[in-house]
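Novice: After the structure tokens below, expect a handful of questions from me.
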Amino acid sequence: MSEAFRALRLTKSDEGLSSEFVDMTTDELMEGDVTINVSHSTVNYKDGLAITGAAPVARISPIIPGIDFAGVVETSSHADFKTGDDVILNGFGVGETHFGGYAGCARVSGDWLVKRPQGISAAQSMGIGTAGYTAMLCVMAIENSLTDKEGEILVTGAAGGVGSVAISLLASAGYKVVASTGRASEESYLKDLGASRIIDRATLSEPSKRPLGKENYMAVVDAVGSHTLANAIAQTRYGGAVAACGLAQGADLPATVMPFILRGITLHGVDSVMAPLALRREAWARLERDLDLAKLDILSHTHALTDVPELAQAILAGQVRGRVIVDVSK
Ligand code: NDP
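Positions in the sequence shown are counted from 1; adding 979 to them yields my numbering.
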């Protein structure tokens, strides 16, 4: 039976990109073997790029953007899911080449879904969202290099989504976290999440004159790329590890091989979009176990679906602190 719902729809035309809220029915959804009543979504940096058209994230037109969502299975012909299951979707091209999370209903392949851990509510799962799940993947990538509790771990893009969740996870595990931010006004927020000290991101964002710097950090979670990542690599101590997941400063990496060949640094690339299901399930199980939900409350704030276009502009302008939960019913 066809069901009606509201959606944010993006359309490309000769005049450019336009977004509008429309009423749709499940008949208009794309192919998939699981139909979900979506309760919550979120706004990630990538959603900001898609909705504003700042980068060609949306590959089809029209599209419902939104790279992740949480909801309850309405109908399923997939062996792993049945009506009433609580599910989460992150990535897999949803919101890029397939209708996404800014809608009351979604239809996707069951191969893309993860069952929501019962210790995390639907709203909390989108408070975590793709940014938080990526932060977990970053922590999992570097954790073999976290050999002592005295060494410091650098988190860049600290007041953003990936950064905020990474700080919470690492600080709760007992590590000393250095938060790099351009927003000095967020010092008390970052300390509440567990950062032991704050540095100005300007100290990392300029071209470096030297291929190797002081060995300041045991490991790094970098959401920023470009000179920031190059400088972070150059300041990682012997045998340390860097997880690179983002490009908020830029997609370039103006570095040398010196930290790799003289200090044995490991650079881990972290991708959340096509990460295999086994890794996703592990990441979500770890988030249920390790993320302090009181800290998640500090770093997330709830908005209505109608606020999404405005939030898309704000996240690209670096004005969104932490994570956004979108209540799709509002
Ligand atoms: P946010 O916008 O929430 O956070 C990004 C943060 O980066 C900002 O809050 C700001 O932190 C910092 N920043 C912004 N512009 C600059 C700049 N010019 N120079 C230095 N720092 C800057 O985004 P998310 O946390 O959601 O995502 C962070 C990055 O990770 C994005 O590039 C995103 O595309 C990427 N990403 C990648 C994923 C993957 O699968 N690899 C998945 C999820 C995200 P502050 O204000 O503290 O300085």
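Ideal Cβ placement from N, Cα and C applies to all residues, glycine included. Note that the structure is a prediction, hence the values are computed from the model and not measured.
Out of curiosity, what's the CA-to-CA distance linking K991 and P1041?
Specialist: C-alpha separation (whole angstroms): 7 Å.
Novice: G1074: which of H1057, Y1112, K1025, F1060 sits nearest, CA to CA?
Specialist: Residue K1025 is the option with its Cα nearest to G1074.
Novice: How long is the line joining the alpha carbons of G1136 and G1027, rounded to whole angstroms?
Specialist: The alpha-carbon atoms of G1136 and G1027 are separated by roughly 16 Å.
Novice: For the 8 Å Cβ check, are there 3 or more pairs between the stretch 1106 to 1125 and the stretch 1236 to 1243?
Specialist: With the cut-off at 8 Å, the stretch 1106 to 1125 and the stretch 1236 to 1243 do not touch.
Novice: What is the rounded straight-line gap between the Cα of S1159 and the Cα of S981?
Specialist: Rounded to the nearest angstrom, the two C-alpha atoms are 49 Å apart.
Novice: Straight-line CA distance for L1266 to D993?
Specialist: Cα to Cα, the separation comes out at about 44 Å.
Novice: Who are the near neighbours of A1227 in its chain, counting only those whose CB is closer than 8 Å to its CB and skipping five residues on each side?
Specialist: Only Y1024, G1136, G1139, A1202, V1203, G1204, G1297 meet the Cβ criterion.
Novice: Let me check understanding here. Comparing Cα to Cα, which of R1095, A1213, S1184, N1016 lies closest to C1084?
Specialist: When only C-alpha atoms are compared, the closest one is N1016.
Novice: Express the C-alpha separation of L1295 and V1022 in angstroms, rounding to a whole number.
Specialist: The straight-line gap from Cα to Cα measures roughly 11 Å.
Novice: In terms of residue numbering, what span does the beta strand (DSSP E) encompassing D1179 cover?
Specialist: Unbroken beta strand (DSSP E) run through D1179: 1176 to 1179.
Novice: So, is N1123 buried or exposed, given that buried needs 16 or more other C-beta atoms within 10 angstroms?
Specialist: With fewer than 16 other Cβ atoms within 10 Å, it is exposed.
Novice: Can you round the beta-carbon distance between S1147 and G1173 to whole angstroms, since I take them to be within the 8 Å contact cut?
Specialist: About 6 Å; that satisfies the 8 Å criterion.
Novice: Spatial neighbours of Y1196 within its chain, please: C-beta separation below 8 Å, excluding the five flanking residues on both sides.
Specialist: G1130, E1131, I1132, L1133, V1157, A1211, Q1214, T1215, R1216, G1219, listed in sequence order.
Novice: Can you tell me whether DSSP reads Y1217 as helix, strand or coil?
Specialist: Y1217: strand per DSSP, three-state reduction.
Novice: Excluding the five sequence neighbours on either side, which residues of its own chain have a C-beta within less than 8 Å of the C-beta of V1066, listed in chain order?
Specialist: V1013, I1015, A1049, G1050, V1051, V1052, F1060, L1092, V1093, K1094, R1095, listed in sequence order.
Novice: Is Q1292 near ligand 1, judged by its Cβ being under 7 Å from some heavy atom?
Specialist: No.
Novice: Is D1250 near ligand 1, judged by its Cβ being under 7 Å from some heavy atom?
Specialist: Yes - ligand 1 has a heavy atom lying nearer than 7 Å to the Cβ of D1250.
Novice: Going by C-alpha to C-alpha distance, which of G1248, H1206, N1069 sits closest to R1180?
Specialist: Of the candidates G1248, H1206, N1069, the one whose C-alpha sits nearest the C-alpha of R1180 is H1206.
Novice: Quick check: the Cα distance between D1171 and M1115, rounded to an integer number of angstroms?
Specialist: Near 19 Å, if we compare the C-alpha coordinates of M1115 and D1171.
Novice: From the DSSP output, read off the bridge partner residues of N1195.
Specialist: BP columns for N1195 are empty, so no partner.
Novice: Roughly how many whole angstroms lie between the Cα atoms of S1164 and M1003?
Specialist: So the two alpha carbons sit approximately 42 Å from each other.
Novice: Please check the pair S1251 and G1070, which I expect to be a contact at CB under 8 Å, by giving their CB distance rounded to whole angstroms.
Specialist: The Cβ separation is near 5 Å, so the contact holds.
Novice: May I ask you to report which of helix, strand or coil DSSP gives T1358?
Specialist: In the structure as shown, the chain starts at 980 and stops at 1309, and residue 1358 therefore has no counterpart that could be examined.
Novice: For ligand 1, any of its heavy atoms closer than 7 Å to the Cβ of Q1228?
Specialist: Yes, the Cβ of Q1228 comes within 7 Å of a heavy atom of ligand 1.
Novice: I'd like the list of long-range same chain contacts for G1192, defined as Cβ closer than 6 Å, with 5 residues on each side in sequence excluded.
Specialist: Excluding positions up to five away in sequence, the list reads A1213, Q1214.
Novice: Taking buried to mean at least 16 other C-beta atoms within 10 Å of its own C-beta, is P1186 buried or exposed?
Specialist: Exposed: under 16 other Cβ atoms inside 10 Å.
Novice: Would the beta-carbon of T1245 be found less than 7 Å away from any heavy atom of ligand 1?
Specialist: No, the beta carbon of T1245 sits no closer than 7 Å to any heavy atom of ligand 1.
Novice: Between A1222 and the rest of its own chain, which residues show a CB-CB distance below 6 Å, the 5 nearest in sequence each way excluded?
Specialist: So the qualifying residues of the chain are C1117, A1120, I1121, V1200, H1247, V1249.
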